[in-house]
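Peer 1:
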Amino acid sequence: MTNLKGLTYNLEEGKIIKTKLDQKQIIYEKKSEHITIAKIPMPDVREGSVIDFEYEIISDFLFNLQEWYFQKHLPVMYSEYRVAIPECFFYKPATFGYLGLGHETSSLPRTVRLTYIQKAEGVGVTEGRYEHEEKYQDKVSTFYASEVPAFKPERFLRAQKNYLSRIAFELEGTRFPDSGYKAYSSSWKDVLIFCPKGVSMERDK
Numbered sequence: 059m060t061n062l063k064g065l066t067y068n069l070e071e072g073k074i075i076k077t078k079l080d081q082k083q084i085i086y087e088k089k090s091e092h093i094t095i096a097k098i099p100m101p102d103v104r105e106g107s108v109i110d111f112e113y114e115i116i117s118d119f120l121f122n123l124q125e126w127y128f129q130k131h132l133p134v135m136y137s138e139y140r141v142a143i144p145e146c147f148f149y150k151p152a153t154f155g156y157l158g159l160g161h162e163t164s165s166l167p168r169t170v171r172l173t174y175i176q177k178a179e180g181v182g183v184t185e186g187r188y189e190h191e192e193k194y195q196d197k198v199s200t201f202y203a204s205e206v207p208a209f210k211p212e213r214f215l216r217a218q219k220n221y222l223s224r225i226a227f228e229l230e231g232t233r234f235p236d237s238g239y240k241a242y243s244s245s246w247k248d249v250l251i252f253c254p255k256g257v258s259m260e261r262d263k
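Throughout the sequence shown, residue numbering follows the numbering used here, covering 59 to 263 in sequence.
1) Of all the options 174, 201, 96, which has the alpha carbon lying nearest to the alpha carbon of residue 189?
2) Report the option in 88, 69, 98 whose CA atom is closest to the CA atom of residue 82.
3) Between which two residues does the beta strand (DSSP E) harbouring residue 64 extend?
4) Determine the closest residue to residue 163 out of 177, 142, 157, with distance taken between C-alpha atoms.
5) Can you tell me whether residue 167 is buried or exposed, with buried defined as 16 or more other CB within 10 angstroms of its CB?
6) Alpha carbon to alpha carbon, what distance is there between residue 129 and residue 242?
7) Rounded to whole angstroms, what is the Cα-Cα separation between residue 87 and residue 95?
8) Do you know offhand how far residue 177's Cα is from residue 126's?
9) Pair every Cβ in the segment 59–76 with every Cβ in the segment 98–114, then say whether three or more of these pairs are closer than 8 Å.
10) Give every residue of the same chain whose Cβ lies closer than 6 Å to the Cβ of residue 154, excluding the five residues on either side of it in the sequence, and list them in chain order.
11) Let me confirm a value: residue 206 is counted as buried when at least 16 other C-beta atoms fall within 10 Å, else exposed. Which label applies?
12) For residue 124, name the three-state secondary structure that DSSP assigns.
13) Hey, quick one: how far does the beta strand (DSSP E) through residue 144 stretch, first residue to last?
14) Since residue 166 sits in a beta bridge, which residues does DSSP pair it with?
15) Using a beta-carbon distance below 8 Å, is residue 169 in contact with chain D?
16) Taking its Cβ as the centre, do 16 or more other Cβ atoms sit within 10 Å of residue 169, making it buried, or is it exposed?
17) With DSSP run on the structure shown, which of helix, strand or coil describes residue 88?
18) Just mark residue 152 as buried or exposed, buried being the case when its beta carbon has 16 or more other beta carbons within 10 Å.
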């Protein structure tokens, strides 16, 4: 998680007062090897405050694209989820809840550095390392919702978070350079292979 920013808005004597989040106050708590929780103490929060925060996630876990909840137990003025996916990956979005989400698409040019490693196996074969750059596009999808009402839990409602308005993604398939399209099913076995053998992918920022 990077580029975490936050603001608290308060109305004082008819004027909007903004208080910026101090990055040093963020508490990171490591839960496991792959999970770290960020606790964000928003400044000057009081009754009637409006909080605004944003962050960016860069992940190599391509089978587990982050889902996003647009609805919370508090009213939300605006919620936006923007995801940039390399063109060689194909995801199917699924929305839950009753909210009608806005949706916009665009593209972003990128460059990937491909590294091929040849191991010395057999007589007369030497090890080799070959690199070249390839240009591609990120498919950018933006989903958003405005003036989202607070979710009101009911006493006999089980698994309440399943009723919150959210979006999730499922990996449908991949198409790597010099390769055909490979479709994936919903089983874990089918989504563990993402890159051709002997090829590492390092994306330029």
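Each residue gets a CB set at the ideal place from its N, CA and C atoms; glycine is no exception. Values in this document were obtained by computation on a predicted structure and should not be read as measured data.
Peer 2: So, from the data block:
1) 174
2) 98
3) 60–70
4) 142
5) exposed
6) 30 Å
7) 5 Å
8) 43 Å
9) yes
10) 224
11) buried
12) coil
13) 134–144
14) 196
15) Here there is only one protein chain, and chain D is not present.
16) exposed
17) strand
18) exposed
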